[in-house]
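Residues in the sequence shown are numbered consecutively from 1, following UniProt numbering.
Here a beta-carbon is modelled for each residue, glycine too, at the ideal position from N, C-alpha and C.
Input: a single structure, listed below in structure tokens.
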Amino acid sequence: MSSNTSTAQKQKKKTIKKTTKKTTTTEKSSFTPSCMSLFSGLGGDSLGMQNAGGKMVAYNEINPLFCDSHDLNFPHCKRIEHEGTLDITKIPDSTFLQYANSIDILFAGFPCQGFSHAGKKMDNDPRNTLFREFLRVTQLIKPSLIIGENVKGLLSRKTTSGEPYIDVIVSEFQKLGYSVQYKVLRADDYGVPQKRERLIILGTLPNPDKQIDWKPSFPEPTLDNPNLRNIVKYDMSNTLKVDDALFDGIPDECILINMDDNQTYQDNNDAHPYLVSKVFATGDNLSYGGKTHEHLFSFGKRISPIHCEIVDIRQCCKTVICSYDHQPRFFVPIRNPSGSFLRVLLPDELKQIQGFPANYKMLGNWKQKVTQIGNAVPPPLVQHVVQNILNPPNPTDSNTKDA
């Protein structure tokens, strides 16, 4: 081989190396990461990753109805199952090995009820160990970036042996070679009209063969001031007529008023039973802490544990949880020529309060829809986390907890 040929080949190799240079944290990324979701639910994390520029490849969710909702919105994302089962604990390694080294981002909102302050805390709850399925899949497919999501209550939980649960999670991923950091983020800091705090865990695996150097930090809060004005609309579904005096002190701008609605409404328009029980409460049901109340509704906040809140549409909503289907504590004030009414937040409103767009599809009845929404990850929160990693504005974040 001539020296000229050898020189040309060397030059060609240099050129190829240059054109496949990795994207670093100081450059804007044109890289489209392949994404997988575990414990996907309604698909909040899937939507967030997709909106951040990722491509949804596959997901797993144990509830068939939730899967159907996910499939409606992500028809090209493969449902991971094995011989008819959706239970991740029964899906063999071989199923996940099909994705080995082809997934860039693995997201897992592993079930959180055992850690949540909203539910009964059970140290031996098997849901508290489902993160090990997250760990198993991580070990099998070796993504460059893992994102775990949970309630902030996980930080105070301990195993039966007394070890902090977060330390177990961090240690197990470190054994696989991941650098791990975590932080509690507020959803309303990222455009979600809901006061919802979530623990986000990031893990990165050094991988010289990937197209991007993962050096993640957490996003700074946006300057948005999310509220319910553009979400909660005049709608007489599920309304219950109440005394006009119940709205005393509520600004007119916070009452959904339509004095042109000349339709005649019943006093009870299929109102939620919980609302009915609160409106017509009597006797001891009006008392708490030695004080008897005139009624059980307060504007903008709950003034006692037995009170319900009439929402202030100028503000964010309080945290929406799964129990809203049977114990809704936030109600919408409505007024028309027929009088004053209260109603629950409707599923389409709850969906948007969780950060989903109005056209996002859901299947199921009232209870099933509310359960899907209450369990969901707010898509804008995930979107900001992933966007900040793909196109970070700053190389470091001093507010991050490194493990």
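- Around the beta carbon of Thr239, a 10 Å sphere encloses 16 or more other beta carbons of the protein chains shown; the residue is thus reported as buried.
- For Gly44, there is no enclosing beta strand (DSSP E); the enclosing alpha helix (DSSP H) has its first and last residue at Gly44 to Asn51.
- A direct Cα-Cα distance of roughly 12 Å separates Asn269 from Leu275.
- Ranked by Cα distance from Val242, the first of Arg335, Asn230 and Pro193 is Arg335.
- Every alpha helix (DSSP H) of 4 residues or more that sits fully in the stretch 121-193 is shown, in chain order, as 131-141 and 165-175.
- Between the stretch 335-344 and the stretch 136-152, the count of C-beta pairs closer than 8 Å stays below three; the two stretches do not touch.
- Fewer than three beta-carbon pairs drawn from the stretch 97-114 and the stretch 66-77 are found closer than 8 Å, and the two stretches are therefore not classed as touching.
- For Pro379, the enclosing alpha helix (DSSP H) starts and ends at Pro379 to Leu390.
- Taking the Cα of Lys142 as reference, the smallest distance to any Cα among Leu65, Gly203, Ile231 and Ser298 is reached at Gly203.
- In this structure Phe96 is in contact with Leu140, their Cβ atoms being roughly 5 Å apart against a cut-off of 8 Å.
- For Tyr59, the beta-bridge partners assigned by DSSP are Ser37 and Arg79.
- According to DSSP, Asn268 shares a beta bridge with Leu240.
- In this structure, Gly44 and Gln354 form a Cβ contact; the two beta carbons are roughly 7 Å apart against a cut-off of 8 Å.
- The shortest C-alpha to C-alpha distance from Leu256 to any of Gln263, Val385, Pro64 and Lys233 is the one to Lys233.
- Residue environment analysis places Arg198 among the buried positions, since at least 16 neighbouring C-beta atoms fall within 10 angstroms of its C-beta.
- One thing to note: Ala52 has its Cβ within 9 Å of the Cβ of Gln383.
- A straight-line Cα-Cα distance of about 22 Å links Gln263 and Cys254.
- When C-alpha distances from Asn359 are compared across Gln368, Trp366, Val370 and Pro347, the shortest belongs to Pro347.
- When only Cα atoms are considered, Arg314 and Gln387 end up about 28 Å apart.
- The criterion of a C-beta distance shorter than 9 Å is not satisfied by Ser37 and Leu135.
- Taking the CA atoms as reference points, His293 sits about 10 Å from Ala281.
- Around the CB of Arg229, fewer than 16 other CB atoms lie within 10 Å, so the residue is classed as exposed.
- The continuous alpha helix (DSSP H) containing Glu349 extends over residues Pro347 to Ile353.
- In this chain, Cys316 is not harboured by any beta strand (DSSP E), its DSSP state being neither H nor E.
- Within the same chain, His307 come within 6 Å of Ser298 by CB-CB distance, once the 5 residues on both sides are set aside.
- Residue state for Lys215 is assigned as coil, using DSSP reduced to three classes.
- The Cβ neighbour count for Gly162, taken over all protein chains shown within 10 Å, is under 16; the residue is labelled exposed.
- Per the DSSP secondary-structure output, Arg335 pairs in a beta bridge with Ile257 and Ser340.
- Excluding the 5 residues flanking it on each side, Phe173 has same chain C-beta neighbours closer than 6 Å at Val180 and Gly203, in chain order.
- By the criterion of a C-beta distance shorter than 8 Å, Tyr178 is surrounded in its chain by Thr138, Ile146, Gly203, Thr204 and Leu205, once the five residues flanking it on both sides are discounted.
- When rounded, the separation of the alpha-carbon atoms in Ser277 and Asn227 is 28 Å.
- The beta carbon of Val370 lies closer than 6 Å to those of Tyr324 and Asp325 in the same chain, with the five residues before and after it left out.
- The DSSP-derived three-state label of Ile373 is helix.
- Between the alpha carbons of Ile80 and Thr159 lies a gap of roughly 30 Å.
- For Lys367 and Thr85, the gap between their C-alpha atoms comes out near 24 Å.
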